[in-house]
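Structure, as structure tokens:
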Amino acid sequence: MWSISQLKICTLQDLDDTDNAENIDFSFLSALSIDYSQVKWKNAAVLVALHVGAVIGWALFLLGYVHWPTFLWNFLLSFVSVIGITVGALSLWNHKIYDSKKPLKLFLLIAQTIASQDCMWMWIRDHRLHCENHKTDADPFNSKRGFFFSHMGWLMMKKHPDVITKGKQSDMSDLEADSLVMFQKRHYKAMYTLLAVLQLTIPCYLWNEMAEISFIAFITRIVTVLHISWCIHSIHDFQGMKTTTEEKSDAEMKYVSDQRCWFDPTSLFLSIGDRIGLTFNPKDVD
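Just remember that the numbering used here sits 48 ahead of the position in the sequence shown, which is counted from 1.
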């Protein structure tokens, strides 16, 4: 049976935790004290537009304009997306804490594609850079640059030269030997477009949802899942910094779901996979 203790993002021993949380700027104002010549304005505009769409989406749902099947459909897709990140990207392909049969690998690869966070190869490369270069200029989500940057601001800024240099040096040979991962890397845009069309049209054809509502619900779900995933490198990181030295031996950084609520879908999913023979050979991260 799977236990929470087997599911880790980075152990505290992997991270340089010498800085105190008080040294980090948690305020949103940290987003204003930046070099605007380094801003990727196209990315910033897209993120603003997505968040406006998400606000509209939640408002439409609360006002009763969204059919319940549409809400449940997107809730299911949100769950699938999170599983693609936690069970797939983090547990299977990055930390390799279990082995999986090909049908489950294919499902997890599709789930990670639905999450709208770039291909598996790039997601894991950035996560490895974060763990290996924690709180340095080579950390893509460097928390020393403020909470906003660590959470989502990094997407709006040009990469630090150290991130680019270390990224080119990162050992990705394990993923490059995986035919499924490399297929997704080569055909990510086509896969994402096909899956997006299916996600948008199913509500319209099966329960006559308005196309506009289906699209807004799609955007709302993407933004919600993005924030859940971003917490892995922001809120999760800052919580880790607050762990005292005495607690470090026992308090490993676990998945966001483990730290936020009593229900952990990652462990549940892996337990079910183990029972039906799709996951096997579980192991801890050293």
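Positions of the beta carbon are idealized from the N, C-alpha and C atoms, including for glycine.
Review point. Can you give the Cα-Cα distance for N203 and D147, rounded to whole angstroms?
Key: According to the sequence displayed, residue 203 carries Leu and not Asn. L203 and D147: Cα-Cα distance of roughly 32 Å.
Practice item. Confirm, please, whether the CB-CB distance from L157 to K214 is below 8 Å. Key: Contact: no.
Practice item. Could you tell me if the beta carbon of D166 falls within a distance shorter than 7 Å of some heavy atom in the ligand SAM? Key: This structure simply doesn't include the ligand SAM, nor any ligand for that matter.
Review point. Cβ atoms of C279 and Y236: under 8 Å apart, would you say?
Key: With a cutoff of 8 Å on beta-carbon distance, Y236 and C279 are scored as not near each other.
Check your understanding: Short check: CB of A159 to CB of S191, under 8 Å?
Key -> No; because the gap between Cβ atoms is not below 8 Å, this pair is not in contact.
Check your understanding: Out of curiosity, what's the CA-to-CA distance linking W255 and H115?
Key -> Their Cα atoms are separated by approximately 9 Å.
Practice item. Pick out whichever of K233, L120, L138 and A186 has its Cα sitting closest to the Cα of M170. Key: Taking each of K233, L120, L138 and A186 in turn and checking the Cα distance to M170, the smallest one comes out for K233.
Practice item. Under 8 Å Cβ to Cβ from F259, same chain only, skipping five residues before and after it: list those, please. Key: It should be noted that the sequence gives Ala, not Phe, for residue 259. The answer, listed in chain order, is L248 and C252.
Check your understanding: Which one of A265, I276 and F196 has the shortest CA to CA distance from P117?
Key -> Distances from the alpha-carbon of P117 to those of A265, I276 and F196 put A265 closest.
Practice item. Helix, strand or coil for F195, going by three-state DSSP, please let me know. Key: The answer is helix: DSSP assigns F195 an H, G or I state.
Check your understanding: When DSSP builds the beta bridges, which residues end up paired with T327?
Key -> Answer is S148.
**Study point:** Check whether A102 and T272 have beta carbons under 8 Å apart
**Key:** Pairing A102 with T272 gives a Cβ-Cβ distance under 8 Å.
Check your understanding: For N142 versus H175, is the C-beta spacing smaller than 8 Å?
Key -> Yes; because the gap between Cβ atoms is below 8 Å, this pair is in contact.
Check your understanding: Alpha carbon to alpha carbon, what distance is there between L124 and I324?
Key -> Answer to the nearest angstrom: the Cα atoms are 21 Å apart.
Exercise for review: Within its chain, find whatever has a CB closer than 7 Å to the CB of W106; leave out the 5 residues flanking it on each side and keep chain order.
Suggested key: Around W106: T268.
Review point. What is the C-beta distance between G194 and I162, in whole angstroms, given that I count them as a contact (C-beta under 8 Å)?
Key: Actually they do not touch by this definition, with Cβ atoms about 30 Å apart.
Check your understanding: In whole angstroms, what is the alpha-carbon distance linking A93 and V87?
Key -> Taking the straight line joining both Cα atoms gives about 11 Å.
**Study point:** Per DSSP, cross-strand counterpart(s) of V96
**Key:** Answer is none; V96 lacks a bridge partner.
Review point. What is the C-beta distance between A137 and I172, in whole angstroms, given that I count them as a contact (C-beta under 8 Å)?
Key: A137 to I172, Cβ: 6 Å. Contact.
Review point. Could you give the residue range of the alpha helix (DSSP H) that holds H178?
Key: M168 to E180 is the extent of the alpha helix (DSSP H) around H178.
Exercise for review: With a 10 Å radius around its C-beta and 16 neighbouring C-beta atoms as the bar for buried, classify E257 as buried or exposed.
Suggested key: Per the 10 Å Cβ criterion, buried.
Point to revise | K153 to L140 span [Cα, whole Å] | key: Going from the Cα of K153 to the Cα of L140 covers about 9 Å.
Check your understanding: In chain order, what residues of the same chain lie with their CB nearer than 7 Å to the CB of H281, ignoring the 5 residues before and after it?
Key -> Same-chain partners within the cutoff: H178, F189 and S198.
Review point. Just reading off the alpha helix (DSSP H) that L254 is part of, what are its end residues?
Key: For L254, the enclosing alpha helix (DSSP H) begins and ends at Y236 to W255.
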